[in-house]
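In the working numbering, the protein residues as written are 891 to 1293.
Right, here's the structure in full:
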């Protein structure tokens, strides 16, 4: 079954079925389709094959090019292209023309994606308690998750805005994401810019409105963009930072207290352990501020845990350079067995001319006992640098009796 085979009935909220979640994903390709709706079946053939409107050049050409590119990413052709134009326009944009920003669409998209994911986890996990379902829903529509969706599919390239600071933040985040795993749940090395999540929500709302508010057909189109869906196993392997902080302090007999205050548009969360200030985090959303504060507290607490114990010569699995063959994959498997989060790699050094580049990578693993961290040797390729860091942390874990 594909999207074109669906019977476009309006009563979708009571007729969602598990078969919907086993549908093959629409391929992300230049092929575009418009799903027919009850009001557009008679005209869908002519509208979907019509040529794009002509333009007079300049900014108009750029916008039409962006619309075509985003339609290709979605594998969906809009009947009302002004919806997508609105969805891609930030409130800072002002080019001497009348425009609407994405804020109204983002408001709808936030609710629509929340309901779509709620339906998905409800049917995919029939035995989970409400609390676990809430955690799965939150992980799949979080700012972190949706911002990574925007970067992975290149939606960030088509945002219309006039804010240089936004460009810098988006670029920094996109560069970091390119070095990290797709299923980072609670944040990588760089904070996710909210504008990226907003764009995904506004584009989802634009599709939803263009489909005459058909949630079922929106899901068929949009699920491919959200892959990989965060699963229960992902959550188990990447413990929530606040939970980790409380568990770590409970083991050490310490009392954790997280306090909140409002500073302008920001929520500020402050972590105290046994009454002593440890760290703080801020965000427009209270829950994100709490996560950021807990993450910073874990990093500070980890400073007292020795993890860089030096290099040891283990005879098994080593090549002539005393590195473990396939160390990155071995570390990934090890973390799975230990129910630890997946390793997070970061470039600590990227220097030299193009023909003689030198890289140094670090790897960190947040655990209930602290954040394990180590840097690898200097290498001429990023993958080799990551493998070196993975080799060292495996040896450090063996020496520290973690294995």
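Think of the CB as a built atom: it goes at the ideal place given N, C-alpha and C, for glycine as much as any other residue.
| query | result |
| --- | --- |
| Cβ-Cβ distance between residue 1043 and residue 1064 below 8 angstroms | no |
| Complete alpha helix (DSSP H) runs within the region 988-1038 (minimum length 4 residues, chain order) | 993-1014 and 1020-1030 |
| CB contact flag (residue 1146, residue 1158, <8 angstroms) | no |
| Beta carbon of residue 1091 nearer than 8 angstroms to that of residue 1005 | no |
| Rounded C-alpha distance that separates residue 1152 from residue 1130 | 23 angstroms |
| Among 1187, 1174 and 1154, nearest to residue 1168 - alpha-carbon criterion | 1187 |
| Which of helix, strand or coil DSSP assigns to residue 1226 | helix |
| Contact set for residue 1094: own chain, Cβ-Cβ below 8 angstroms, skip 5 residues either direction | 999, 1002, 1003, 1108 and 1112 |
| Local Cβ density within 10 Å of residue 972, reported as buried at 16 or more and exposed below that | exposed |
| Buried versus exposed call for residue 1285 [16 or more other C-beta atoms within 10 Å across all chains shown] | buried |
| Proximity winner among 1249, 1040 and 1231, relative to residue 1238 (alpha-carbon distances) | 1249 |
| Per-residue burial, residue 1266 [other beta carbons within 10 Å of its own, 16 or more giving buried] | buried |
| Rounded straight-line distance, which links the Cα of residue 996 to that of residue 1051 | 16 angstroms |
| Enclosing beta strand (DSSP E) for residue 1156 [first to last residue] | 1156-1163 |
| Cα-Cα separation between residue 965 and residue 1007, rounded to whole angstroms | 20 angstroms |
| Per-residue DSSP class, three states only, for residue 1131 | helix |
| Rounded Cβ spacing between residue 1191 and residue 1138 (contact assumed at less than 8 angstroms) | 7 angstroms |
| Distance between residue 961 and residue 1114 (C-alpha atoms, nearest Å) | 14 angstroms |
| Length of the line joining the Cα atoms of residue 1058 and residue 1143 | 43 angstroms |
| Inter-residue Cα distance where the pair is residue 1295 and residue 1023 | The requested residue 1295 does not occur in the structure, where the chain is confined to residues 891 to 1293. |
| Where the beta strand (DSSP E) containing residue 1237 begins and where it ends | 1234-1241 |
| C-beta contact flag for residue 1041 and residue 1011 at 8 angstroms | no |
| CA nearest to the CA of residue 1276, picked from 1246, 1261 and 1240 | 1240 |
| Whole-number beta carbon distance between residue 1272 and residue 1251, since they are thought to touch under 8 angstroms | 7 angstroms |
| Within 8 angstroms, strictly: CB atoms of residue 1083 and residue 1037 | yes |
| Three-state secondary structure assigned by DSSP to residue 928 | Confidence at residue 928 is low in this model, with a pLDDT of 30, below 50, so the placement of that residue is unreliable and no value is reported for it. |
| Pair within 8 angstroms by beta-carbon distance, residue 993 and residue 982 | no |
| Proximity winner among 1135, 1177 and 1141, relative to residue 1150 (alpha-carbon distances) | 1177 |
| Length of the line joining the Cα atoms of residue 1134 and residue 1055 | 33 angstroms |
| Residue 1088 classed as buried or exposed, judged by whether at least 16 other C-beta atoms fall within 10 angstroms | buried |
| Proximity of residue 975 and residue 953 at Cβ, strictly below 8 angstroms | yes |
| CB contact flag (residue 1175, residue 1148, <8 angstroms) | no |
| Outcome for residue 1219 when other beta-carbon atoms lying within 10 angstroms are tallied against a minimum of 16 | exposed |
| Residue 978 beta carbon less than 8 angstroms from that of residue 1049 | yes |
| Beta-carbon spacing of residue 1214, residue 1270 below 8 angstroms | no |
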